[in-house]
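In what follows, a structure is listed as structure tokens, so that the remarks can point back to it.
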Amino acid sequence: MNRHDEFIQTFTILGRDFSRAGSVSTEIKEILQEIGVPSSIIRRVAIASYEAEMNVVMYAQKGELTLTLNPETIKIEVEDEGQGIEDIELAMQEGYSTATEEMREMGFGAGMGLPNIKKNAHIFIITSSPGVGTYLKMIFYLDEERAA
Amino acid sequence: MTLQQIKELLQAEVIFGDHYLDREITFAGGSDLMSDVLAFGQPGILLLTGLTNLQSVRTADIIEAKAIIYVRGKKPDAQTIKFAREKNIPILSTPLTMYEACGILYQAGLPGVGSLRPTTTSNE
Ligand SMILES: Nc1ncnc2c1ncn2[C@@H]1O[C@H](COP(=O)(O)OP(=O)(O)O)[C@@H](O)[C@H]1O
Ligand SMILES: [Mg+2]
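Top line first, the protein sequences correspond to chains A and B.
The numbers in our numbering rise by one with no breaks, and the one at position 72 of the first sequence is 72.
The numbers in our numbering rise by one with no breaks, and the one at position 30 of the second sequence is 178.
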């Protein structure tokens, strides 16, 4: 814990490393379970971070996921170095995907990842520089009443 | 119905979780696309899938599935079985296709996720 009761932890995600893909999200889920976050919120966070993690594995060289907890919110930031996204509006559409056959065989690449993230996060921000990388910020309120 | 009954209906083999066969299953869903499963899955679901990699168990864990049935006789590798054991998720394999397996369970009275919508009620 550092200032203002904040807990921050950073995880590294390696691009193309399909054998470890998803392990960061599994770890985050375990951390949130341990500190007693309501299971409905854990689900939201785990689904969104899993999709974001898979995107780094599939489309970037490497990335960093940062989990920030305070008494009111859970913040997940994912920053990667990679090809970036040319047209974010297009990428956000359900069904739009540039995934390869290999990625689809992994069970991903249905073009549902970013829409799934948007649906689960209470606040979702995405920015990208083609050829440089992509940045995602997701905020989840611990008090779902307040989020509604 | 119990996982034991589902095992019999689908002529399935238990790959991990013999001691979980008394788990009560109230609804199911099937897909090979993990993003779809993440989108429609609800806690307690029985997941039917043809995808046997580690991602299938990670996805099941994230949506809090009660068990996984692999269709068309598929079986996961040792690493995936180990992860299922860590996460206490029983896994079974049926020789039936996705269509047949889902059809049999549905006919036997096991509904889909639609049964969870507040407007409908289901009797087990
Ligand atoms: N981190 C990323 N870096 C580069 N491109 C990305 C990234 N995330 C998503 N994209 C692009 O956006 C598209 C849609 O992403 P998504 O909704 O997660 O669906 P999917 O991963 O199934 O294709 C991807 O196919 C890819 O072209
Ligand atoms: Mg994706």
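All C-beta atoms, glycine included, are put in the ideal place defined by N, C-alpha and C.
Relative to ligand 2, L186 (chain B) has its C-beta separated by 8 Å or more from all heavy atoms. Within a 10 Å sphere around the beta-carbon of N236 (chain B) sit fewer than 16 other beta-carbons, which makes this residue exposed. Taking a beta-carbon distance threshold of 9 Å, T26 (chain A) counts as an interface residue toward chain B. Contact check for T242 (chain B) and Q153 (chain B): beta-carbon distance about 13 Å, past the 8 Å limit, so the pair fails to qualify. Excluding the 5 residues flanking it on each side, I239 (chain B) has same chain C-beta neighbours closer than 6 Å at I163, F164, I216 and A232, in chain order. If you check the C-beta of G177 (chain B) against ligand 1, you find no heavy atom less than 8 Å away. Chain order gives the chain A residues near R206 (chain B) as A21, G22, S23, S25, T26 and Y50, where near means a beta carbon separation below 9 Å.
DSSP places Y96 (chain A) in the coil class of the three-state scheme, outside both helix and strand.
Contact check for L151 (chain B) against A256 (chain B) fails: the beta carbons are separated by 9 Å or more. Nearest CB-CB separation between I88 (chain A) and chain B: not below the 9 Å threshold.
Residue state for F108 (chain A) is assigned as coil, using DSSP reduced to three classes. Residue side-chain check: E51 (chain A) places its Cβ nearer than 8 Å to a non-hydrogen atom of ligand 1. For L194 (chain B), no CB of chain A lies under 9 Å from its own CB, so it is not counted at the interface with that chain. Against chain B, the beta carbon of F108 (chain A) has neighbours under 7 Å at M182 and S183, listed in chain order.
At least one CB atom of chain A sits nearer than 9 Å to the CB of I211 (chain B).
Minimum Cα-Cα distance from T127 (chain A) among the listed residues A:F7, A:L136 and A:G63 corresponds to A:L136. With a cutoff of 9 Å on beta-carbon distance, I210 (chain B) and T68 (chain A) are scored as not near each other. Shown here for L142 (chain A): same chain residues with a beta carbon closer than 8 Å to its own, the five before and five after excluded, namely V37, P38, I41, P71, E72, T73 and I74 in chain order. In this structure, N55 (chain A) lies away from V24 (chain A), with their beta-carbon atoms at least 9 Å apart. Check the Cα spacing between E30 (chain A) and each of A:R43, A:R20 and A:I13: the tightest is with A:R43. For the stretch 33–48 of chain A, the beta-carbon criterion of a distance under 8 Å to any beta-carbon of chain B is satisfied by S39, R43, A46 and I47. Contact check for M138 (chain A) against S19 (chain A) fails: the beta carbons are separated by 9 Å or more. DSSP, reduced to helix, strand and coil, places T150 (chain B) within a strand of the structure shown. For N116 (chain A), the C-beta contacts it makes with chain B under 7 Å involve S183, L186 and A187, in order along the chain.
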